[in-house]
Amino acid sequence: MNDRYDPSIIESKWQQQWEADRLYQRDDASTAQKWYFLTMLPYPSGDLHTGHWYAMSPSDAGARYKRMNGYNVWLPIGFDAFGLPAENAAIKHGVHPHKWTLANIERMRGQLRKMGTMFDWEHEAISCLPGYYQWTEWFFRKFYDMGLAYREEAPVDFCPTCNTTLAREQVWGEDRHCERCGTPVEIRNLAQWKFRITAYADELLDRLDEIDWPERVKTMQRNWIGRSEGVEFEMTILGQEDLSFRVFTTRPDTTFGMSFAVLAPEHALVEQIATDEQEEAVRAYVDAAKRKSELDRQAEAGEKTGIFTGAYAINPVNGQPVPIWIADYVLMGYGTGAIMGVPAHDERDFAFARQYGIPTPIVIVPDEVYRAGEAAAWNEQAGWALPAAYALKEGGVMVNSGPFDGAPWPHSFDATATWLTAHAAGERKTNYRIRDWLISRQRMWGSPIPIIYCPTCGTVPVPYADLPVLLPEDAAFRPTGESPLKYHEAFRYVKCPTCGGDAERETDTMDTFLCSSWYQYAYVSPYWKAGEPLSPDDMPWDPALGQIWLPVDQYTGGIEHATMHLLYTRFFTKAMRDAGLVDFDEPMLRLFNQGMILGEDGEKMSKSRGNVVNPDEYVGKYGADVVRAFLMFIGPWEMGGPWNPRAIEGVQRFLQRVWALIVEASEPQGGIPTAGQIADLRRATHQTILKVTEDYENFKFNTMIAALMGFSNTLIEAKKTAVVGTAAWDEAISALLRMMAPAMPHISEELWARIGQPYSIHTQAWPAGDPALAREEVVEIAVQINGKVRDRLEIAADADQATIEAAALASERVQQWIGGKSVRKVIVVPGRMVNIVTG
RNA sequence: GGGGCGGUGGCGAAAUGGCAGACGCAGCAGACUUAAAAUCUGUCGGGGGAAGCCCCGUGUGGGUUCGAAUCCCACCCGCCCUACCA
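For the working numbering, count along the first sequence from 1 and bump the result up by 17.
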């Protein structure tokens, strides 16, 4: 029998065995503590790539580790199966997206099985099947009833390549490009469906403090939500007291410093207030602003342009008139679309004032300056004062502000806010950067939006009992990328569910991020109530099972979803809670973001760079265990890093050595092992268990593998001695295999069987590390003189400080280095080192 | 412009206030072999020395400390996010 390590034989053998035994099937009856481990579901592009392996195999190891520690672990899998590539394939090859998608899924299932994960295939969910998307539609309908879904005509981002609108979160980068295809987006005015995610802005922000997520993601979400507290108040127009506009500011304490006001070009008041002399120029500016693309506006960020309207507004705090300008640096979409210009205390206003020679009175000075009575020196003639002024908030004091002079931050905010509330129709207001989630997509391959437009009844939601609105199976795809639904008469022209008259169906479909916003719930009981009529009182999953498994305990996935999927699914959960579907607030309690696996050249893998690593090739050559362990060994999981085709051989050698260690007979050793040999072996075993356990807990897979390599090297040495066959030896081998099991499930199962242990290693208990056995008896201590190592001492590990100090000073070498100098100080760190400081 | 992460041998990296470079890759030398592959053994940050050893070394410059890759300040470089949000 050829007894070399041959993964091609053992891996498929055990994969079949596990599946036949339903080893990883979810256990709903267990009394053990449940652990819902979720890794972001893949898009069925057709091939599992290295990135999937990098995300999934450590996740699987983490889940398996938890299982061996007594948890009732569930690791489900499914496919995010709606989306553009399927539609593009349909246009190109004439194959229906449904067929293309399911063929890809079939192929990827095979690849995923070869990874040797503990995925529970019996609860697989595919988002493009009617049994799944009936619930995606049901959620839309539910949110519509709750007032969380609404339709609005507004300027929106449109990707000309994908031929659809996008959510604000899906427009990336400086050039505002489409997150999927990279094309810069255009702005279009369209009637689109939106979800009122802004209704949860506060909660989405505040509950970030409650979840164990990476700070990085939390920061990104905080910035994205962008809450700012301020005051909105009214300004009237000089000579036209019936006209007014409102401005929003976070710095009411600077109102006395207002030297102009600005309206956004789209502001409704613009036409009314422009004076006759200025009217033409204002109209030209507004027209130019309209024509300017988002890109142009970006390109000239910093450079300010604007036009004077000829009108003046009254600053409510001092009754002074200030010129009203139009400028495109003020955005209609944020706040009120109008601002007060305080150039001395706002960088943007300053740039604008500079451009047009507007005065910049200083109204806030540093506390020290005020107390020293030097506030007068801080005026706009002093060039140094202005740059120092605009960042002033904390530690600033109001000056040149009438009755408020001397008010410090934050009292200055409160006092002026109160005054503006009483005297300028003001109110405290919180503004957010986050916008409502635009969910309409002008594409066919997504969940239909269950809405019917009736000339008589208006917008009518599809009745719950009529869900789901099914996608047609005979859609004709157009090379232009236009949605076939628009041209599908049977789909589009329907009777109104209310009046029975002729009506039209909404032909836009929903953003596929809706599908993934609730997939962790869909896994609980996939395709729940498929084929049955639905009602508003339904649950989208079996509530008894949901009680057991929800919410997700550990989530893993890439950082790229920080302000998309991870925000949307949090919103969904809060809306679901308010609909009475769940009784918790957050969908995923812990999150870990793995890094990105790069090509050999250290660059992102891409076909155009030609640096794509095909995992199948390496799995064929080395086996899944080697590929898994190698990906974990590369470096810290959160860091990612380049693929190195040579380094993988080191991991292969490691597994081959472990194989030989256990399978090959040892040279018979005469004699009996010494107590010291046994103690050394057990110490190595328990030290490794403690280290490896800690590393699995913290997802530090790279040092976990390194520790196992070190331990196996120790055992290979020990195999040459008489310890082989002792209880300590058996303990070591058993522990080694169980520690390898989560990361390298096949080889450990095979070797476990070969040493005669009961199937399966994956249902065994995790080895317990004993700190007493792991403790060193004798340690080497470095002796430093003035911080430089001059000697090393072997000393009992439990020696006290005095003993260590005496031993160090007794050393001849140490005395030589001290020379005649006096010892000023001796620092002893037990078990580590001594530092002798001489004078 | 703002925010975040990072910079350690030829390479991937350990070490997060206590002996820098664990573990692995590559390299070098050797064993086995007719030879090669595979495997095994040794070596492997730089400089000096016959050697015991000594000096230098974690992007750069300062600082705190008995002691700094680790903490603080300033700067340089790389990557990611964000961008006129009042």
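Idealized CB from N, CA, C, for every residue including glycine.
All of these numbers come straight from a predicted model, not from anything done at the bench.
Identify the continuous alpha helix (DSSP H) that holds Val-2 and give its terminal residues.
Residue 2 lies beyond the stretch modelled for the chain, which goes from 18 to 856, so this question has no answer here.
When you compare each of Arg-158, Phe-530, Arg-371 and His-115 to Ala-482 by their alpha carbons, which one comes out closest?
As a working note, residue 482 is residue 465 in the first sequence. Minimum Cα distance to Ala-482 is reached at Arg-158.
Between His-578 and Glu-620, what straight-line distance do the alpha-carbon atoms span, to the nearest angstrom?
Translated into positions along the first sequence, residue 578 becomes position 561. Translated into positions along the first sequence, residue 620 becomes position 603. Cα to Cα, the separation comes out at about 20 Å.
Outcome for Arg-670 when other beta-carbon atoms lying within 10 angstroms are tallied against a minimum of 16
As a position in the first sequence, residue 670 is number 653, starting the count at 1. Classification of Arg-670: exposed, given that the 10 Å Cβ count is below 16.
Could you check which residue in Asn-610, Thr-586, Gly-616 and Glu-617 has the C-alpha nearest to that of Asp-904?
The displayed coordinates of the chain run from 18 to 856. Any statement about residue 904 would go beyond what the structure contains.
Limits of the beta strand (DSSP E) - the one that Thr-586 falls within
For the purposes of this step, residue 586 is taken as residue 569 along the first sequence, with counting starting at 1. Looking at the DSSP string, Thr-586 is not in any beta strand (DSSP E); the run it does join, the alpha helix (DSSP H), is 582-595.
With distance defined between alpha-carbon atoms, name the residue in Pro-425, Arg-509, Leu-119 and Glu-499 nearest to Ile-469.
Against the first sequence, residue 469 aligns to sequence position 452. Checking every option, the nearest Cα to that of Ile-469 belongs to Arg-509.
Same chain, Cβ closer than 8 Å to Ala-724, neighbours up to 5 away in sequence not counted
As a first step, residue 724 must be located in the first sequence, where it is residue number 707. Taken in chain order, the residues that qualify are Thr-705, Lys-708, Val-709 and Asp-712.
Can you tell me whether Ile-853 is helix, strand or coil according to DSSP?
Taking the first residue of the first sequence as 1, we reach residue 853 at position 836. Strand.
Three or more beta-carbon pairs under 8 Å between the stretch 76-94 and the stretch 768-787, yes or no?
yes
From Asn-796 to Val-845, what does the alpha carbon distance come to, in whole angstroms?
Your numbering for residue 796 matches position 779 in the first sequence. Your numbering for residue 845 matches position 828 in the first sequence. A quick correction: the sequence has Val, not Asn, at residue 796. Those two C-alpha atoms are separated by around 14 Å.
Quick one: which unbroken alpha helix (DSSP H) runs of 4-plus residues sit fully inside the stretch 229-313? Chain order, please.
Entirely contained in the stretch 229-313, the alpha helix (DSSP H) runs reaching 4 residues are, in chain order, 232-242, 287-290 and 293-308.
Candidates Phe-96, Asp-422 and Ile-812: closest to Thr-272 by CA position:
Position 255 of the first sequence, counted from the start, is the residue given in the question as residue 272. Looking at the Cα atoms, Asp-422 is the closest of the given residues.
Using the three-state DSSP reduction, which class does Asn-121 fall into: helix, strand or coil?
Within the first sequence, residue 121 is the residue found at index 104, counting from 1. Correct three-state label for Asn-121: helix.
Between the beta-carbon of Ser-261 and the beta-carbon of Met-275, is there less than 9 Å?
As a working note, residue 261 is residue 244 in the first sequence. As a working note, residue 275 is residue 258 in the first sequence. No, the pair does not count as a contact, with Cβ atoms beyond the cut-off.
To the nearest angstrom, how far is the alpha carbon of Ala-295 from that of Ala-394?
As a first step, residue 295 must be located in the first sequence, where it is residue number 278. As a first step, residue 394 must be located in the first sequence, where it is residue number 377. Checking the sequence shown, residue 295 turns out to be Gln, not Ala. Each residue's Cα considered, the two are about 38 Å apart.
Taking contact to mean 3 or more Cβ pairs, one atom from each stretch, closer than 8 Å, check whether the stretch 669-683 and the stretch 643-650 are in contact.
Contact between the stretch 669-683 and the stretch 643-650 is present, because at least three Cβ pairs lie under 8 Å.
Which residues in the same chain have their Cβ closer than 6 Å to the Cβ of Trp-31, if we skip the five residues on either side of it in sequence?
Taking the first sequence and counting its residues from 1, one reaches residue 31 at position 14. So the qualifying residues of the chain are His-763 and Glu-766.
Chain-order list of residues whose beta-carbon lies under 6 Å from that of Arg-849 (same chain, five-residue window excluded):
Within the first sequence, residue 849 is the residue found at index 832, counting from 1. Excluding its 5 nearest sequence neighbours in each direction, Arg-849 has no C-beta neighbour in its own chain below 6 Å.
Check whether the stretch 107-114 touches the stretch 548-558, taking contact to mean three or more Cβ pairs, one atom from each stretch, closer than 8 Å.
no
Among Thr-353, Gly-354, Val-359 and Glu-258, the one whose alpha carbon lies nearest that of Ala-330:
Position 313 of the first sequence, counted from the start, is the residue given in the question as residue 330. Minimum Cα distance to Ala-330 is reached at Glu-258.
Under 8 Å: do the stretch 546-553 and the stretch 529-536 share three or more Cβ pairs, one atom per stretch?
no
What do you get for Lys-321, buried or exposed, if any count of 16 or more other CB atoms within 10 angstroms of its CB means buried?
As a first step, residue 321 must be located in the first sequence, where it is residue number 304. By the 10 Å Cβ count, Lys-321 comes out buried.
Could you pull the start and end residues of the alpha helix (DSSP H) that Met-649 belongs to?
Along the first sequence, read from residue 1 onward, the residue named residue 649 stands at position 632. 641-650 is the extent of the alpha helix (DSSP H) around Met-649.
On the DSSP bridge list, what partners appear for Gly-574?
Here residue 574 corresponds to residue number 557 of the first sequence, with the count starting at 1. Partner(s): Asn-610.
Same chain, Cβ closer than 8 Å to Val-840, five either side skipped, listed in chain order:
As a working note, residue 840 is residue 823 in the first sequence. So the qualifying residues of the chain are Leu-826, Ile-853, Val-854, Thr-855 and Gly-856.
Just to confirm the assignment, what range does the alpha helix (DSSP H) spanning Gly-68 have?
Here residue 68 is taken as the residue at index 51 of the first sequence, counted from 1. Its alpha helix (DSSP H) spans residues 67-85.
Whole-Å CB distance - Ala-392 paired with Val-382, under 8 Å assumed
Within the first sequence, the letter at position 375 stands for residue 392. Within the first sequence, the letter at position 365 stands for residue 382. Correct: roughly 5 Å between the Cβ atoms.
Give me the Cα-Cα distance between Gln-128 and Arg-626, rounded to the nearest whole angstrom.
As a first step, residue 128 must be located in the first sequence, where it is residue number 111. As a first step, residue 626 must be located in the first sequence, where it is residue number 609. So the alpha carbons of these two residues sit roughly 24 Å apart.
Identify, in the order they occur along the chain, each residue of the same chain with its Cβ nearer than 6 Å to the Cβ of Asn-121, setting aside the five sequence neighbours on each side.
Residue mapping note: residue 121 aligns to position 104 of the first sequence, counting from 1. Pro-61 and Gly-63.
Below 8 Å on the Cβ atoms is my contact criterion, and I expect Leu-678 with Ser-751 to pass it. Report the Cβ-Cβ distance as a whole number of Å.
As a working note, residue 678 is residue 661 in the first sequence. As a working note, residue 751 is residue 734 in the first sequence. Not really, about 13 Å apart at Cβ, beyond 8 Å.
Fully enclosed by the stretch 169-235, which alpha helix (DSSP H) runs are 4 residues long or longer?
218-223
Short of 7 Å in beta carbon distance, which residues of its chain neighbour Gly-836, apart from the five on each side in sequence? Order them along the chain.
Counted from its first residue, the first sequence places residue 836 at position 819. Nothing meets the Cβ criterion.
For my contact list, Ala-78 and Ala-760 are in at a C-beta cut-off of 8 Å; report their separation, rounded to the angstrom.
For the purposes of this step, residue 78 is identified with residue 61 of the first sequence, where counting begins at 1. For the purposes of this step, residue 760 is identified with residue 743 of the first sequence, where counting begins at 1. Indeed, because the Cβ distance is near 5 Å, the residues count as touching under 8 Å.
Report yes or no: do the stretch 452-466 and the stretch 484-498 share at least 3 C-beta pairs separated by less than 8 Å?
yes
Taking contact to mean at least 3 C-beta pairs separated by less than 8 Å, is the stretch 588-604 in contact with the stretch 183-199?
When Cβ pairs closer than 8 Å are counted between the two stretches, the stretch 588-604 is seen not to touch the stretch 183-199, the count staying below three.
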